[in-house]
Amino acid sequence: MIAVAVALASGAVTGAVTGAVAAPLDGARGSEQGAGQLPGPRKATVTLITGDRVDVDAKGQVTSVRPGEGREHIPLSVQRMQDRTYVIPTDAVRLVGNGTVDRRLFDVTGLVGDGFDDDRREKLPLIVAHPKGSAKARLKAEAKTDVAEAGATVERNLPALNGEAVSVPKSEASDVWDALTTGAEKAGKAGKTGKTGKTGKTGKTGKTGKTGKAGDAEKSEIRAAAAGVSRVWLDGRRQVNLDKSVPQIGAPTAWEAGYDGDGVKVAVIDTGVDQTHPDLADAEIAEKDFTDDGDSVDYMGHGTHVASTVAGSGAKSGGAYKGVAPKSAILDAKVFDHDGYASDSGIVDAMQWASDQGAKVANMSLGGYDDVEIDPLEEAVDTLSANSGILFVISAGNDGPAARTIGSPGSAASALTVGAVDRDDEIADFSSVGPTADGSLKPDITAPGVGIVAAKAAKGQIGTPAGDGYVAMDGTSMAAPHVAGAAAIVAQRHPDWTGERIKRALTASAVGNPGLTAYQQGTGRVDVAKAIEQTVVTEQTSVNFGLQRWTPTGSDPVTKEIAYRNDGTDAVTLDLKTEALGPDGKAVPDGLFTVDSAHITVEPGATKRIALTADTRHSTLYGGFSGSVVATDASGGQTVRTAFGIIREAESYDVTVDLIDANGDPAEAAPSFISLGSRAVYRQWTGNGRLVVRVPKGEYLVDSPVFTPGEHLTRIAMLTQQRLAVTDDMRIVFDARDAKPFDITAPEATKEDGGTVAWYNEREDGGGEFSRFMTDSLAMLSAASVGDTTNKGFQAQVSAVRRAGADQYTLLYTREGRMFDGLTHQAEKSELAVITADMGVSAENKVGAIHPMWSNHVMGIGSLTVGLFPLPLSSKQYVTTPPGYRWAFGAGQVPADEEYTGESEVLFDATASKTYEAGKAYGLTLNVGVFSPTMRNGFAARAADIALICAPVYSDHEGRPGYTRGAENSTVMTADGKTVYEGDNPECTFVTGLPDASAAYTLRTESSRGTDIAGVSTRVQAAWTFTSGSPGNEQVDLPLSTLTFAPKLNLASTAEVGAKLTVPLSVDGYAAGDGVGVKSLEVKASYDGGKTWVQAPVTTEGGGRAVTLDHPASATSVSLKGALTDTEGNGYEVTITDAYLLK
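Numbered by mature numbering (1 follows the signal peptide of the UniProt record, and there is no 0), the letters in the sequence shown go through residues -22 to -1, 1 to 1121 in order.
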């Protein structure tokens, strides 16, 4: 399974489906079976489709949000639900709520995790679909023109989606957003004046503003899709995660009967196929690259392994590792690049190509996150299957054994979705389990997927060696090609059959395991020998009864029809019975599933229908009940299996929610019901002021911002019911007229500079959810607590940012147990701590900003806006001191003569947090040397063959991670002298494909920056040496340490020439941990830019390490070099050119 982001929804971990009303919002994302997971820190900026930019610190917390051009008045919502953070501007709320715009476009956690942050992607990839039908052709053409004029470029046409993949320069995102959407209630607007290039750099000519569309307002905050746009998706990324198995599914018997896939085209949509391997020398008949690699080379080895399982000749192994359909013809569609990533649009394009090439079968051992909405891959599977008759065989996913872990596009109705079993036909513990996010019955079938040996690509990097030219792999990726090969054999036997007909034959003839549910195995393990002889099938691959709603008296029986079709020449009499298991994995009580006929006879060419009834009143359990109707030929000739499933809802009730805006009109909103007893979150959208939410019996936090459109701005009422006990059908009212305003002022005359209203709810497991609205004015926000209940895990927050010149008041207030009912308060200086924050500079003509961030043990929040002032800067930062909160300060430096775009050329994260006391004064220094790598707030870990190391090069001596844009960077990692990584990221090194065996590693990183950016730390070189071997799937720390220097310098990072200076030293990281120490430590100094060096003895007086340097009268700077070895032999060396200046 090539996997990225397969959802892990709440449910039992036994493979049974627990009682639930519907799939709650999915949270955590899965990974490839056997691959390590390193969530590690990454500081990033993400530009949203709206043009708004979100800053995220190394802990994944949103530290600030910067509105796009002309969007300063549009509030933004920041939400943390089930370990994912979403930032959604109010003008996108409707479109996200009704499913028109992909929620992933606002999932900051996912965007950073999948590499869509601004450091790694200059453009945002989208898939735009249009209304279908010839009558809509003009609207489609107009929409394409508008989007192109706004700055987007068409990368691929996607007929299967009636759309195209487009790339959007992030600088033009707000314009493209305007082109994709339209204001709901406003008149047209004039086009914007084109933007000009920045001063001091080669500027680009601004675009001519385009004429406003009818219905557009001045950035209306209530927006709908443009007339020619039906869906907008993120063009997401997918990431790459037989000697006994072939006989296990009956392939040799099919060969003996003369069926080996000869003449059948099978597309392998994967990482490429290595046709130089002897087993695949004559298999491939066409290839096409859908990546930016420019070739069809398989750099991973996944696609070659899959193709070999389908069509390998076994030539290199003397026939031992022959594929299932060795005479089938491979169409090689390479969609994964050399780094193992694929785009959704590239996969859809490859699917279209495979169909156009005449493929009968397409194998897709890939997958991703699935939710209740139809994503581009699911739509393409269903559309192409219906239009061309192709059969898409798709792996189920590797996120089992939990329920509701089927990935997309295996979740598509038309897909033949494949789970994995071992050699004993027992389900593999990693194999994903149904139902799908929308409650459908999947997988359809299983196949061997454990220890599968197949061809190794010449440049392949994955798999366990299993002989010369072969590797073994586990996964549903390996199971799917067994079924694809079986489908090719059936297609050869019946060349006139459609993909759907082949699918029916394979599922009907599968071998069931009575100990597994249908949500684990579908109908059972594929048996191609039986499939080619199967004459009777059912017209339904499976029977999905769906969700059976709970009622106090029990739900009525449900009956569905199964139609048996006989394509043979002889009548067939079938004996019918049911095999079924309940949510506890045990056989269901008699009477729960029944058929109306014990025996039927199906005449040649005829169809016979029976009734299958599910009556869950026979059980006291809730959750998934599933199995198969097993119809056995009385003469023993064939067996027909048809899977079925029903989910019996746990005790649940309808909650009617009425939503009223501040004008008394029905409101648009998306209330969230957050379970206080689990991680489940239920959210629905309404556009007419009323909705009914079905939730299990229990207690919930109910949150619903209510929007009231205004002439120039939208008012937002944050309405929260902290604890709602749902024990019956009920009605609740969220009325914005009940909300009260906020008016928070400072002790002196100030200018308002933004505000936030937020809440968080802490779960008993230590995690939690939060929601927050950020605006440039608190006047836009109001709040009320609905009902009279309290919740001990709930806390509300309101903050106001006010400025008096360079001085700033950040006024934070909290309320325990309930939401604020508005707040009017004038702060007194006695309730504030004051921090004199000095921000230095070592280059000329710079301005800078200091931004505070507050946090407790659950979440951290930063400010919406940032004030820029000339450097050096001394600013008084006044903050409140709520119990349990800590404050940290970050800083950013930008050129004074350039247009500020929100990007800092020098940036420090707000990570060194402290607790302050009211009425006390403190000091703080920012952007003052010495700058070098530090592990104090760094990260170094390994799992399996993956390592992630983050020690930002330009961090300060207090441990704040520091970053410099425009620096020249180089990073190289070697293992036993062999290069395993080369890159140019000085902040984090992410390496895959590390050898399992213990090896001696060296990691070298070097970064240089110009004196126009900073006059100090102009070149930093660091090297770590350590030993590491694979820890399996367990995540372990890597033994990396750092040495930092903390001299007392002025704001220009300068010390006195001709004088002595004591430089305190700090060892951080592994060598500072328990049970480890420093074996040796050496420091040298240079006063001529690193040409010559002098020893600086390390002293330990006073319990701390330090060196004392004697500055020559002629020197202008001091460079530093350090080397340490820990007691386990791991080493670190650092050289800092111009560490500080002398004057």
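Note that the Cβ used here is the ideal one computed from N, Cα and C, for glycine as well.
Query	Result
How many Å lie between alanine 340 and alanine 285 at the Cα?	11 Å
With DSSP collapsed to three states, give me the class of leucine 654.	coil
Please report the Cβ distance between tyrosine 863 and serine 833, rounded to the nearest whole angstrom; I am assuming they are in contact, meaning their Cβ atoms lie under 8 Å.	7 Å
Go ahead and pull the three-state DSSP assignment for arginine 1083.	coil
Are there any heavy atoms of the ligand MN lying less than 6 Å away from the beta-carbon of glycine 733, as far as the coordinates show?	Because no ligand of any kind appears in the structure shown, any question about the ligand MN cannot be addressed here.
Return the first residue and the last residue of the beta strand (DSSP E) that tyrosine 791 is part of.	785 to 794
Once you ignore the five residues that flank arginine 914 on each side, which residues in its own chain have a CB closer than 7 Å to its CB?	Gly937 and Asp1046
Buried or exposed for threonine 383, please, with buried defined as at least 16 other CB atoms from any protein chain shown within 10 angstroms of its CB.	buried
Can you give the Cα-Cα distance for valine -2 and glycine 676, rounded to whole angstroms?	At valine -2, the pLDDT of 32 sits below 50, so the modelled position is not reliable and the matter cannot be decided from this model.
I need the DSSP call for residue 1156, collapsed to helix, strand or coil.	The shown model of the chain, from -22 to 1121, leaves out residue 1156, and the question about it has no answer.
Return the first residue and the last residue of the alpha helix (DSSP H) that methionine 329 is part of.	322 to 334
According to DSSP, which residues form a beta bridge with tryptophan 737?	Ser749 and Ala774
Beta strand (DSSP E) containing glycine 463: first to last residue?	Not the beta strand (DSSP E): glycine 463 falls in the alpha helix (DSSP H), residues 454 to 471.
Going straight from the alpha carbon of alanine 896 to that of lysine 1026, what length do you get?	28 Å
Quick check on the burial criterion: 16 or more other C-beta atoms within 10 angstroms. Buried or exposed for aspartate 1116?	buried
According to the neighbour-count rule (16 or more other Cβ atoms, all chains shown, within 10 Å of its Cβ), is threonine 957 buried or exposed?	exposed
Which residues share a DSSP beta bridge with methionine 913?	For methionine 913, which the question treats as bridged, DSSP gives no partner whatsoever.
Apply the 10 Å Cβ neighbour rule to alanine 235 and answer buried if 16 or more other Cβ atoms are within range, or exposed otherwise.	exposed
Please classify isoleucine 263 as buried or exposed, where buried requires at least 16 neighbouring CB atoms within 10 angstroms.	exposed
At which residue ranges does the region 43 to 106 contain complete beta strand (DSSP E) runs of 3 or more residues, listed in the order of the chain?	54 to 59 and 62 to 67
Between Pro379, Ala391, Ala433 and Ala558, which lies nearest to proline 256 when the distance is taken from Cα to Cα?	Ala433
Tell me whether serine 606 sits in a helix, a strand or coil according to DSSP, three-state version.	strand
Quick check: the region 769 to 777 against the region 790 to 801, are there 3 or more CB pairs under 8 Å?	yes
Using a threshold of 7 Å, state whether the C-beta atoms of alanine 919 and glutamine 855 are closer than that.	no
Ends of the beta strand (DSSP E) at alanine 340?	339 to 342
For glutamine 226, does the three-state DSSP call read helix, strand or coil?	helix
Nearest-angstrom Cα distance between aspartate 593 and alanine 126?	56 Å
Just mark lysine 1099 as buried or exposed, buried being the case when its beta carbon has 16 or more other beta carbons within 10 Å.	buried
Would you mind sorting asparagine 739 into buried or exposed? The rule is 16 or more other CB atoms within 10 Å of its CB.	buried
Could you have a look at alanine 761 and say whether DSSP puts it in helix, strand or coil?	strand
Classify tyrosine 894 as helix, strand or coil using the three-state DSSP reduction.	coil
Residue ranges of each alpha helix (DSSP H) run of no fewer than 4 residues wholly in the region 914 to 947, ordered along the chain?	none
Between alanine 727 and the rest of its own chain, which residues show a CB-CB distance below 8 Å, the 5 nearest in sequence each way excluded?	Ala782
Have a look at valine 461 and alanine 714 and give me their C-alpha separation to the nearest angstrom.	56 Å
Which class does lysine 538 belong to by DSSP, given the choice of helix, strand or coil?	strand
Going by beta carbon distance, what residues of the same chain come within less than 6 Å of leucine 637, once the five residues before and after it are set aside?	Ala645, Ala647, Gly667, Val684 and Phe712
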